[in-house]
Amino acid sequence: MESGPDGPAASGPAAIREGWFRETCSLWPGQALSLQVEQLLHHRRSRYQDILVFRSKTYGNVLVLDGVIQCTERDEFSYQEMIANLPLCSHPNPRKVLIIGGGDGGVLREVVKHPSVESVVQCEIDEDVIQVSKKFLPGMAIGYSSSKLTLHVGDGFEFMKQNQDAFDVIITDSSDPMGPAESLFKESYYQLMKTALKEDGVLCCQGECQWLHLDLIKEMRQFCQSLFPVVAYAYCTIPTYPSGQIGFMLCSKNPGTNFQEPVQPLTQHQVAQMQLKYYNSDVHRAAFVLPEFARKALNDVS
1 MESGPDGPAA
11 SGPAAIREGW
21 FRETCSLWPG
31 QALSLQVEQL
41 LHHRRSRYQD
51 ILVFRSKTYG
61 NVLVLDGVIQ
71 CTERDEFSYQ
81 EMIANLPLCS
91 HPNPRKVLII
101 GGGDGGVLRE
111 VVKHPSVESV
121 VQCEIDEDVI
131 QVSKKFLPGM
141 AIGYSSSKLT
151 LHVGDGFEFM
161 KQNQDAFDVI
171 ITDSSDPMGP
181 AESLFKESYY
191 QLMKTALKED
201 GVLCCQGECQ
211 WLHLDLIKEM
221 RQFCQSLFPV
231 VAYAYCTIPT
241 YPSGQIGFML
251 CSKNPGTNFQ
261 EPVQPLTQHQ
271 VAQMQLKYYN
281 SDVHRAAFVL
291 PEFARKALND
301 VS
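First residue of the sequence shown? That's 1 in the UniProt record's numbering, and the numbers climb one at a time after it.
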């Protein structure tokens, strides 16, 4: 394994041993994911977190925050396309969009593809993640050059408190519920998003994995149902996320919203024009069809 352009400014990452990166976490105990490392590209600690980037043997460049994989060049598109298009295609006319987090730029890249979207505000608290992504994940960070973007480096909580009844769609691309990100999985955060949405607004948030976090998902769905008239849970597959899946919690202030049926279905021409590799309208519908164990558990909440 070679040391790359940004060296390790800190000591070599403990998660890399004998040419392999190994991800372990208390949120998914008893299991690990390993990727073979070809070159260490970046390792520094920002004000907020440990940031690691390496070139893997089979998944391209990999961004790791506090020891947990956030994205790889090979499979990032499934998550980015779904967390962006599930809400955008469920709103009849999404013009103003707010992204919380998403410093790698992937969600932004997908949002600005939509012709109806006139403006996007992104709140990312860690500017170092943005700069690292621009350097090592240019295919994801390409959206930062969009004229639709207003970038706010700072706290999304405070921003939403100052901008109420302002957005058609809010997308929260957060890391897992530990440390600073833990608050993004609480009822108070969803209440804040509700006040920042317009009267017919929708939101979509990273919703963890039904194989690992079903109790948390049930809790989230329960408090969401106390806040919004329409709540739904969807998921997609992605090889380098824990257990190969990630979910999405969707909420709407409009009682007429049907998340399972996109109000803006995409033609195959639009799918090709938007260069989508995972999302299409059939995948949108299918994403809400849960395996029986999860369907039963979540239906018991209502």
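Note that CB positions come from ideal geometry on N, CA and C, so glycine has one too.
Margin query: List, from N- to C-terminal side, the beta strand (DSSP E) runs of 3 residues or more that fit wholly inside the region 60-146.
Written below: 61-65, 68-72, 96-101, 119-124
Notebook entry, point to check: Got a sec? Which residues, its chain only, sit under 6 Å from Pro229 by beta carbon, not counting five neighbours each side?
Noted result: Your numbering for residue 229 matches position 229 in the sequence shown. So the list reads Pro255, once near-sequence residues are dropped.
Notebook entry, point to check: Can you tell me the Cα-Cα spacing of Val289 and Tyr79, whole angstroms?
Noted result: For the purposes of this step, residue 289 is taken as residue 289 along the sequence shown, with counting starting at 1. For the purposes of this step, residue 79 is taken as residue 79 along the sequence shown, with counting starting at 1. If I take the Cα positions, the gap works out to 17 Å.
Next item on the list: Taking Phe21 as the reference, give the member of Trp28, Ser56, His42, Gly102 with the closest Cα.
Entry: Within the sequence shown, the letter at position 21 stands for residue 21. It is Ser56.
Notebook entry, point to check: Between the Cα of Gly146 and the Cα atoms of Gly101, Ile217, Val121, Pro239, which residue gives the shortest distance?
Noted result: For this step, residue 146 is matched to residue 146 along the sequence shown. Reading off the sequence shown, one finds Ser at residue 146, where the question assumed Gly. Ranking Gly101, Ile217, Val121, Pro239 by Cα distance to Ser146 puts Val121 first.
Next item on the list: Could you tell me the boundaries of the alpha helix (DSSP H) in which Val230 lies?
Entry: Mapped onto the sequence shown, residue 230 falls at position 230. It is not in any alpha helix (DSSP H) - Val230 instead sits in the beta strand (DSSP E) that spans 230-237.
Notebook entry, point to check: Under the rule that 16 or more other beta-carbon atoms within 10 Å means buried, what is Gln206, buried or exposed?
Noted result: Within the sequence shown, the letter at position 206 stands for residue 206. Its Cβ being crowded by 16 or more others within 10 Å, Gln206 is buried.
Margin query: At the level of alpha carbons, what is the spacing between Cys251 and Ser188?
Written below: Translated into the one-based positions of the sequence shown, residue 251 becomes position 251. Translated into the one-based positions of the sequence shown, residue 188 becomes position 188. So the two alpha carbons sit approximately 14 Å from each other.
Notebook entry, point to check: Taking just the CA atoms, how far does Asp66 sit from Ser34?
Noted result: For the purposes of this step, residue 34 is taken as the residue at position 34 of the sequence shown. For the purposes of this step, residue 66 is taken as the residue at position 66 of the sequence shown. A straight line joining the alpha-carbon of Ser34 with that of Asp66 spans about 15 Å.
Notebook entry, point to check: Comparing alpha-carbon positions, which option in Gly247, Asp282, Lys277 lies nearest Ile83?
Noted result: Mapped onto the sequence shown, residue 83 falls at position 83. Nearest to Ile83 by alpha-carbon distance, out of Gly247, Asp282, Lys277, is Gly247.
Notebook entry, point to check: With 16 other CB atoms within 10 Å as the buried threshold, where does Ala10 fall?
Noted result: The residue given as residue 10 occupies position 10 in the sequence shown. Low confidence applies here, because Ala10 scores a pLDDT of 41, under 50, leaving its location unreliable; read the following figure in that light. Classification of Ala10: exposed, given that the 10 Å Cβ count is below 16.
Next item on the list: Work out the CA separation of Trp28 and Pro242 for me, nearest whole Å.
Entry: The residue labelled residue 242 in the question sits at position 242 within the sequence shown. The residue labelled residue 28 in the question sits at position 28 within the sequence shown. Whole-angstrom Cα-Cα distance: 7 Å.
Check: By the 10 Å Cβ neighbour count, where 16 or more other Cβ atoms means buried, how is His269 classified, buried or exposed?
Finding: Counting from 1 along the sequence shown, the entry for residue 269 is found at position 269. The residue in question, His269, is exposed, as its Cβ has fewer than 16 Cβ neighbours within 10 Å.
Notebook entry, point to check: Which residues does DSSP pair with Gly247 in a beta bridge?
Noted result: For this step, residue 247 is matched to residue 247 along the sequence shown. Partner(s): Tyr235.
Notebook entry, point to check: Are the region 166-173 and the region 133-140 in contact at 8 Å, needing three or more beta carbon pairs?
Noted result: No: the two stretches stay apart, fewer than three of their Cβ pairs being nearer than 8 Å.
Notebook entry, point to check: Helix, strand or coil: which one does DSSP assign to Leu216?
Noted result: As a first step, residue 216 must be located in the sequence shown, where it is residue number 216. Reduced to three states, the DSSP call for Leu216 is helix.
Margin query: Considering only DSSP beta bridges, list what Phe290 is partnered with.
Written below: Position 290 of the sequence shown, counted from the start, is the residue given in the question as residue 290. Looking at the sequence provided, one finds Leu at residue 290 rather than Phe. According to DSSP, Leu290 bridges with nothing at all.
Notebook entry, point to check: Roughly how far, in whole angstroms, is the beta-carbon of Arg74 from the beta-carbon of Tyr59, given that I think they are within contact range, below 8 Å?
Noted result: Taking the sequence shown and counting its residues from 1, one reaches residue 74 at position 74. Taking the sequence shown and counting its residues from 1, one reaches residue 59 at position 59. The pair is a contact, with the Cβ atoms about 4 Å apart (cut-off 8 Å).
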